[in-house]
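One structure is given here, and the rest of the page talks about it.
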Amino acid sequence: MTRYLIRRLLQALLLLAAVSVLLFALMQAAPGDYLSEQRLAGHMSPEAMQALRAKYGLDQTFAVRYFRWIASLSHGELGYSVSYNEPALQLLLPRVRNTLLLTLPALLISWFIGVPLGVLAASRRGGWLDRIFAAGNGFLLALPDVLLCLIALLIALKTQRFPAGGMSSPDLSDAAATVRMKDLIWHLWLPVAVLVIGALAPIMLHVRSSVAEVMDSTYFRAAEGHGLRPFTLLFRHALPAAANPLISLFGLSIAFLLSTSLVVEVILSWPGLGPMLLEAVMARDVFVVLGSVVFSTLFLVAGNFFADVLLYVFDPRIRVQS
Amino acid sequence: MLGLSIDYLSWRGQRISALRNVSMELPAGKVLGVLGESGSGKSTLSRAILQLLPANAEVSSGSIGFHQDKDLLSLTRQQMRAIRGAGIALISQEPALALNPVLTIGQQISDVLRAHRSVSKQEAMQQTTAMLREVGFPEPDRLLQAYPHQLSGGQRQRAAIAQALICRPDLLIADEPLSALDTITQVEILEVLHKLKDELGLAVIFITQNAWAISGLADELVVMRDGGVVAVGKFEELARSTDEYVRGLIFPEKSFQNQVSKPLQRAEPGSAPLLRVQQLSKKFLQRHLFSGKKFAVQALRGISFEIPEGSTIAIIGRSGSGKSTLARCIAGFEKADEGGVLVHGAPVRGPQPHVQLIFQDAGTALNPSFTAEELISEPMEIAGQGTARERRERVLSLMREVGLDPESARRHAGEFSGGQKQRLALARALATNPALLILDESLSGLDLLLQAKMLKLLLDLQKSHGLSYLHICHDLNFIGLFANEVIVMDEGRVVERVTPAELPSSTQPATRALMDAGSRLHAPGLEAVL
Chain A
142 MTRYLIRRLL QALLLLAAVS VLLFALMQAA PGDYLSEQRL AGHMSPEAMQ
192 ALRAKYGLDQ TFAVRYFRWI ASLSHGELGY SVSYNEPALQ LLLPRVRNTL
242 LLTLPALLIS WFIGVPLGVL AASRRGGWLD RIFAAGNGFL LALPDVLLCL
292 IALLIALKTQ RFPAGGMSSP DLSDAAATVR MKDLIWHLWL PVAVLVIGAL
342 APIMLHVRSS VAEVMDSTYF RAAEGHGLRP FTLLFRHALP AAANPLISLF
392 GLSIAFLLST SLVVEVILSW PGLGPMLLEA VMARDVFVVL GSVVFSTLFL
442 VAGNFFADVL LYVFDPRIRV QS
Chain B
43 MLGLSIDYLS WRGQRISALR NVSMELPAGK VLGVLGESGS GKSTLSRAIL
93 QLLPANAEVS SGSIGFHQDK DLLSLTRQQM RAIRGAGIAL ISQEPALALN
143 PVLTIGQQIS DVLRAHRSVS KQEAMQQTTA MLREVGFPEP DRLLQAYPHQ
193 LSGGQRQRAA IAQALICRPD LLIADEPLSA LDTITQVEIL EVLHKLKDEL
243 GLAVIFITQN AWAISGLADE LVVMRDGGVV AVGKFEELAR STDEYVRGLI
293 FPEKSFQNQV SKPLQRAEPG SAPLLRVQQL SKKFLQRHLF SGKKFAVQAL
343 RGISFEIPEG STIAIIGRSG SGKSTLARCI AGFEKADEGG VLVHGAPVRG
393 PQPHVQLIFQ DAGTALNPSF TAEELISEPM EIAGQGTARE RRERVLSLMR
443 EVGLDPESAR RHAGEFSGGQ KQRLALARAL ATNPALLILD ESLSGLDLLL
493 QAKMLKLLLD LQKSHGLSYL HICHDLNFIG LFANEVIVMD EGRVVERVTP
543 AELPSSTQPA TRALMDAGSR LHAPGLEAVL
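First to last, the sequence lines map onto chains A and B.
If you number the first sequence the way the numbering used here does, the last residue is 463 and the count never jumps.
If you number the second sequence the way the numbering used here does, the last residue is 572 and the count never jumps.
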């Protein structure tokens, strides 16, 4: 177990390092930087530019800049945001927390709903319920996230029951913790709902098809022949046997949620990584862009690592091979 | 069971009749053998009794009575579920596929018990342990935690039997429980079933295509063909039957009786043999079942032999004796750790056109979405032989040779029956004009009648193409009729190499065990050498 986990962890770290180098190189390859953007405004002499470049270390070689960037992590900076005049990490951390606040509940809820519904659809294969689900999934898959966000906004405006954006009401900063908590959950409702609806269809479809495949297998029919209860059959026998591809999908669904949450955060003005990334890209605030993408990668790698651990726990065949 | 008829509705809307007016009766505690070729409706029968028919099946008439009065067909789903496993239990064909790969043996058996009896978890485990001991596991406690992939085929079949019998049903339906096992294991499983039948007073419906295997067990036999019952009687009565179909099932070897094998023509000294295997060794790393320690499995230990051109050599041995590894090494699919393989004096370094391997299960070895023509011409394309037109002509002539209708060249592999798929695999293997054909238990998935027909075909092809065969098998069916010589393998070694006629007088324990099991099962064709 430990050897398998250590190997997977090392692989994950290696992947993260490789992605960071690649990202850094890509950012460098893009023409222009924050300073050249400022120069367009025409206030700066070339000499002053040069001095600023030296000050920020922009005149150094690629390798030196990369290692300085990584080294700055040791004193909690991860580069420096030129537009906010603050270390990038300090800017990013609260945003990361907000994004997690949004995506983690969405991840759990979508799986808690998607798995039983998928199993149900598989067990009623070809029946009217299955067909309704299939039609619903097709509709959901075709629905763009942006449209879902706009619908959410419309609901908020028409019903006046939900906030139209943000993550907390004004003048609650010195209210009791429980009040603030309730307020946060109230603000979470719509964006989480949008994320869940967006993620539900692929989960349901995958659960349905892998459970249906197991239901065609000889061992499932044999278990049926032994008179097991339908619930035991489906959830104790079929689901674990079908879990393998689903666990891999679980890891990947984190990536899917992150990309959707980018859109959701921007439209529903949730102060997560999304809006910050967008601003930073516009302003060529290199280290904030880098940091946001590195954190997204970190979530993704962590999700896949978690999926690997789950796979190990759930599949005896992998446990024995490793 | 009275006048049962079942139709399958095909997706084109046609009705295909699977059972026609089938009636049979089984008193408590008796054994009924159901005999028939593949496609005769045997498995539909077993599924109908348990009401596990696929959705496109329709019972058009008849009734199934169980005990005094119940008609199983009129029961609700709930009532039927209570009977499955508790009143009527099923063990199915493939022990490898009948158990859930991700649940422990203990869980799978105790789940069945807990579905029908209200017992605590602990009690269920105790009863499971006791049941596992009854089916012949000396250390059932350790088995509770084992997963199916950690067990051998025979062990899995025993576990499946334990699972079926844990609720002490009155009727056991055994749907070809032996066909995927080697001869020695077959005898072991038969003995377990025999013992349990007496102990538990079980009635058994034993579905099989090998009449001799159950001749000692069955009180009565029912012979089925095309979904109907064609004969009923005790084994001795059926053996005297003059009906051609019944005789064919009981004496499949009669279909090529005229071709008793001749002793091998020794190659002239000095000429290179077709195949020379020299000191071949191969080991695999595996993990120990319970402790998790790694250990090496020596699959082949210094195997050496030669075979001359135009010969048929059978390699026999139990499952796990290294036969398949040997086949893969000779075909160049696997690299040996030590030693070498020479074909026509040239070392084998990878797959090559003049040595072809036909796999154990043709059904899964052929891509179902390829057409017959694509499948047969693919090896020629890979070897760069002929123009498209020449290849097409060769495909058609090969199909004729192996007994397939050339008209069906454009049909997909998935549409052919099991026996036809095996012929397709054979045509594909012959496409590159090989000198040596390795048959790795290629026939074991077919019923005996089809096996006999395929062997006859192989012998005919041998004459016209000058082929040599390396025929790997785990049973002794027909062995006296086609093999020039027999190589007996055990634990990765060649135990001995004899002619079939010398087999009965062998003193080697491995050979003796195989022969004893073979004669107890009355392997067809074995009598010819006894």
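Glycine is no exception: its CB is placed at the ideal position from the N, C-alpha and C atoms.
Test item: CB-CB of Leu-325(A) and Met-308(A) under 8 Å = yes
Are the C-beta of Phe-376(A) and some C-beta of chain B separated by less than 8 Å?
-> Nearest CB-CB separation between Phe-376(A) and chain B: not below the 8 Å threshold.
Runs of alpha helix (DSSP H) lying entirely within the segment 375-450 of chain B, each at least 4 residues, in chain order = 404-407, 414-424 and 430-443
Express the C-alpha separation of Ala-525(B) and Ser-65(B) in angstroms, rounding to a whole number.
-> Approximately 42 Å between the Cα atoms of the pair.
Just checking, does the segment 293-313 of chain A make contact with the segment 395-413 of chain A on the three C-beta pairs under 8 Å criterion?
-> yes
Less than 8 Å separating the beta-carbons of Arg-349(A) and Ala-262(A)?
-> Yes, these two residues count as a Cβ contact at 8 Å.
Out of Arg-452(B), Gly-445(B) and Val-444(B), state which residue places its alpha-carbon closest to the alpha-carbon of Arg-434(B).
-> Residue Arg-452(B) is the option with its Cα nearest to Arg-434(B).
Taking DSSP as the reference, what is the three-state secondary structure of Gly-496(B)?
-> A small correction: the amino acid at residue 496(B) is Met; Gly does not occupy that position in the sequence shown. The answer is helix: DSSP assigns Met-496(B) an H, G or I state.
In chain order, what residues of the same chain lie with their CB nearer than 8 Å to the CB of Gly-577(B), ignoring the 5 residues before and after it?
-> As shown, chain B starts at 43 and ends at 572. That puts residue 577(B) outside it, with no answer to give.
Are any of the Cβ atoms in chain B nearer than 8 Å to that of Ile-147(A)?
-> no
Please state whether DSSP places Cys-209(B) in a helix, a strand or coil.
-> coil
At least one CB of chain B closer than 8 Å to the CB of Phe-455(A): is that the case?
-> yes
Using 8 Å as the Cβ pair cut-off and three pairs as the minimum, do the segment 473-485 of chain B and the segment 380-397 of chain B touch?
-> yes
In the segment 373-398 of chain A, which residues sit with their C-beta less than 8 Å from some C-beta in chain B, listed in chain order?
-> Thr-373, Arg-377, His-378, Pro-381, Ala-382 and Ala-384
N-terminal and C-terminal residue of the beta strand (DSSP E) that Glu-230(B) is part of = It is not in any beta strand (DSSP E) - Glu-230(B) instead sits in the alpha helix (DSSP H) that spans 225-242.
Where the segment 204-221 of chain A meets chain B: residues whose CB sits under 9 Å from a CB there | Residues: none.
Using a Cβ-Cβ cut-off of less than 9 Å, give me the residues of the segment 429-452 of chain A that come near chain B, in sequence order.
-> none
Just grab the DSSP bridge partners of Thr-250(B) for me.
-> Leu-77(B)
Are the C-beta atoms of Leu-242(B) and some chain A residue less than 8 Å apart?
-> When Cβ-Cβ separations below 8 Å define contact, Leu-242(B) makes no contact with chain A.
Given Leu-378(A), which residues of its chain have a CB within under 6 Å of its CB, disregarding the five upstream and five downstream residues?
-> One point to set straight first is that residue 378(A) is His, not Leu, in the sequence displayed. Hits under 6 Å: Ala-364.
Residue interval of the beta strand (DSSP E) (run including Ile-133(B)) | 130-133
Taking a Cβ distance cut-off of 7 Å, strictly less, list which residues of the segment 151-163 of chain B are near chain A, in chain order.
-> So the list reads Asp-153, Val-154, Ala-157 and His-158, given in the order they occur along the chain.
Whose Cβ in chain A lies nearer than 7 Å to the Cβ of Gln-205(B)?
-> His-367
Residues bridged to Ser-103(B) by DSSP?
-> Ser-47(B)
Note down, in chain order, every chain B residue with its Cβ under 7 Å from the Cβ of Thr-359(A).
-> Ser-134, Glu-136, Leu-139 and Ala-140
In its own chain, which residues sit with a C-beta less than 6 Å from the C-beta of Arg-562(B), not counting the 5 before and 5 after it?
-> Val-229.
Straight-line CA distance for Cys-515(B) to Ala-338(B)?
-> 25 Å
From the beta carbon of Ala-363(A), is the nearest beta carbon of chain B less than 8 Å away?
-> yes
Residue closest to Gln-169(A), alpha-carbon to alpha-carbon, out of Leu-387(A), Leu-270(A), Gln-201(A) and Arg-144(A) = Gln-201(A)
Looking at Leu-491(B) and Glu-79(B), is the spacing between their C-beta atoms short of 8 Å?
-> yes
Give the straight-line distance between the Cα atoms of Lys-323(A) and Pro-190(B), rounded to the nearest whole angstrom.
-> 50 Å
Compare the beta carbon distance of Glu-415(B) and Val-444(B) with 8 Å and say whether it is the shorter of the two.
-> no
Residue span of the alpha helix (DSSP H) that contains His-347(A), given as start and end | 318-356
Per the contact definition of three or more C-beta pairs closer than 8 Å, is the segment 84-101 of chain B in contact with the segment 109-123 of chain B?
-> Taking 8 Å as the limit for Cβ pairs, the verdict is that the segment 84-101 of chain B does touch the segment 109-123 of chain B.
Measuring CA to CA, which of Ile-521(B), His-386(B) and Pro-219(B) is closest to Val-540(B)?
-> Ile-521(B)
Out of Asp-403(B), His-564(B), Ile-372(B) and Ala-97(B), state which residue places its alpha-carbon closest to the alpha-carbon of Ser-264(A).
-> Ala-97(B)
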